[in-house]
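Every letter in the sequence shown is one number past the one before it in the numbering used here, and letter 377, counting from 1, is 377.
A short worksheet on the structure shown next.
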Amino acid sequence: MKKFPKDFKWGVSTSSYQIEGGNNNSDWALWEEKRGIEKAGIACDSYRKYDKDIEALEKLNVNAYRFSIEWSRIEPKDGEWNLEALEYYKDLIKKLKSKGIEPFVTLFHFSLPLWISEQKGFENKKSIQYFKRYTEFIVENLGADVNFWITINEPVIFASLGYLDAEWPPGKRSYRKYLKVIKNLEQSHIISYKKINEVYKKYGWSKPAISMSFNNSNFEAKDFLSRIYIGIVKYIFNYSVINKVINYLDFIGLNVYFYNEIEFAPFKEGNLFFRKVKHDNLEKADVLGWEIYPKIMYNLVTDIYKRYKKDIYITENGISDTDDSRREKYIKDNLRYLLKSIDEGASVKGYFHWTLSDNFEWVNGYKAKFGLCYIDSSSERVLKKSGEYYAKIAQTNSLN
Ligand code: BGC
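Structure (structure tokens):
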């Protein structure tokens, strides 16, 4: 049996748009309409059934919960605050604390208020000021009970799917716009980081820990030319934003999912020079087809720790697995590699599994099932076999 460090945080991660339901004021709701894709609709109904979420968290024995605030709900119009929604988050945080569960609060997890997306969202410099004002409102009202903040979830994924691949709102394809968005997200983080600290100081609350969650991919090269190529790709996707905001990160939040081996294969399958190698021997996360290669946990954590020497929290790691036949092994293998990186000196303070219950998986709707729980017809969150397994790990702080 291998023990994790003392005071290790065991958690699960969710995001507001994916679980709350009824968030029609968001650019995502419009996108679903426009693209004719499955709608988030009522989602897990967590806005009304959050007590059920908390019961499930207790059954999972976790001591931390990462969730996000739905900006489009809390500020439905420019400068107008929804006080009922504020009560919801207040109560959620209060109840979590009463159960000994530490809230990790994300301010922005992909879903924008319509009134901001109508002004070009994060392409517009004004978004920085909007984000600052929103941060201030949230922190003034919730900060007394929160020690951990994630300002922005996965800036590079958000910007590349929305501004390079046109898969997510606003559906654009422009490298110039992508760069603008990235720059504004970096600035938004910095301004939000400063604002959070300012509010805590004003009230004499003890200093919070603030970061972003970065979705870093593992890139490996099959040949010499690909090695040069992935050097550039790694810089753009894994390091460039961290480098820009490094002085404004109290820890590094890492979302670990993707394994990519790259080969030089000019003009094949619509690619210019390089393509992703397909590994038939690797197991796949069902519906989405992602290759499962748990060693990426070790590779990414050791790489980021060596580079930046900051505490790391794994703020997401998970697998889409319809019949729950692979999740237990996936968790075990990932945690084994996480322990290896800790044994070799990486300072890792916590692990959050994605996700609590099967929920709305963006353009993939409800068919991709990432939950440790499923939701039955009476809204009960029922632990799957993998959920029972994770509960044991969290309870014993160790891996068998
Ligand atoms: C995102 C989640 C998403 C998960 C699984 C992460 O990149 O933060 O919102 O559901 O991956 O795709």
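Ideal Cβ placement from N, Cα and C applies to all residues, glycine included.
Separation of Val-139 from Asp-91, as counted between CA atoms: Asp-91 and Val-139: Cα-Cα distance of roughly 15 Å.
For Phe-137, the first and last residue of its enclosing beta strand (DSSP E): Segment 126–142 is the alpha helix (DSSP H) holding Phe-137; no beta strand (DSSP E) there.
Cut-off 7 Å between Cβ atoms - residues of its own chain near Phe-264, not counting five sequence neighbours on either side: Asp-223, Leu-225, Ser-226, Phe-273, Phe-274
Residue span of the beta strand (DSSP E) that contains Pro-103, given as start and end: 102–108
heavy atom of the ligand BGC below 7 Å from Phe-214 C-beta: No, Cβ of Phe-214 sits at least 7 Å from all heavy atoms of the ligand BGC.
Residue burial classification, Tyr-175 (beta-carbon count within 10 angstroms, cutoff 16): Looking at its Cβ environment, which holds fewer than 16 other Cβ atoms inside 10 Å, Tyr-175 is exposed.
Which of helix, strand or coil DSSP assigns to Glu-261: Three-state DSSP puts Glu-261 in a strand.
Neighbour-count burial assignment, Lys-34, 16 or more Cβ in a 10 Å radius: exposed
Spatial neighbours of Tyr-450 in its chain, beta-carbon cut-off 6 Å, leaving aside the 5 residues before and after: Nothing can be reported for residue 450: it is not among the residues displayed for the chain, which extend from 1 to 400.
Pair within 8 Å by beta-carbon distance, Glu-102 and Lys-9: Cβ distance < 8 Å, so Glu-102 and Lys-9 count as in contact.
Leu-86 to Ile-74 span [Cα, whole Å]: Computed Cα separation, rounded: 7 Å.
Paired residues, beta bridge with Gly-11 - DSSP: Ala-64, Phe-352
Distance CB(Tyr-259)-CB(Ile-314) smaller than 8 Å: no
Inter-residue Cα distance where the pair is Ser-160 and Ser-379: 35 Å
Segment contact flag, the stretch 271–290 with the stretch 196–214, C-beta cutoff 8 Å, min 3 pairs: no
Near the ligand GTP: Asn-184 beta-carbon under 7 Å from a heavy atom: Although the ligand GTP was asked about, the structure shown includes only the ligand BGC as ligands.
Burial state of Thr-322 (16 or more Cβ within 10 Å): Taking all protein chains in view, the Cβ of Thr-322 is surrounded by fewer than 16 other Cβ atoms within 10 Å, so the residue is classified as exposed.
Pair within 8 Å by beta-carbon distance, Ile-230 and Phe-214: no
Proximity test, Trp-168 beta-carbon vs the ligand BGC heavy atom, cut-off 7 Å: no
Euclidean distance between Cα positions of Ile-19 and Ile-182: 26 Å
Sheet register partners of Ile-42 (DSSP bridge): The partner list for Ile-42 (beta bridge, DSSP) is empty, contrary to what the question assumes.
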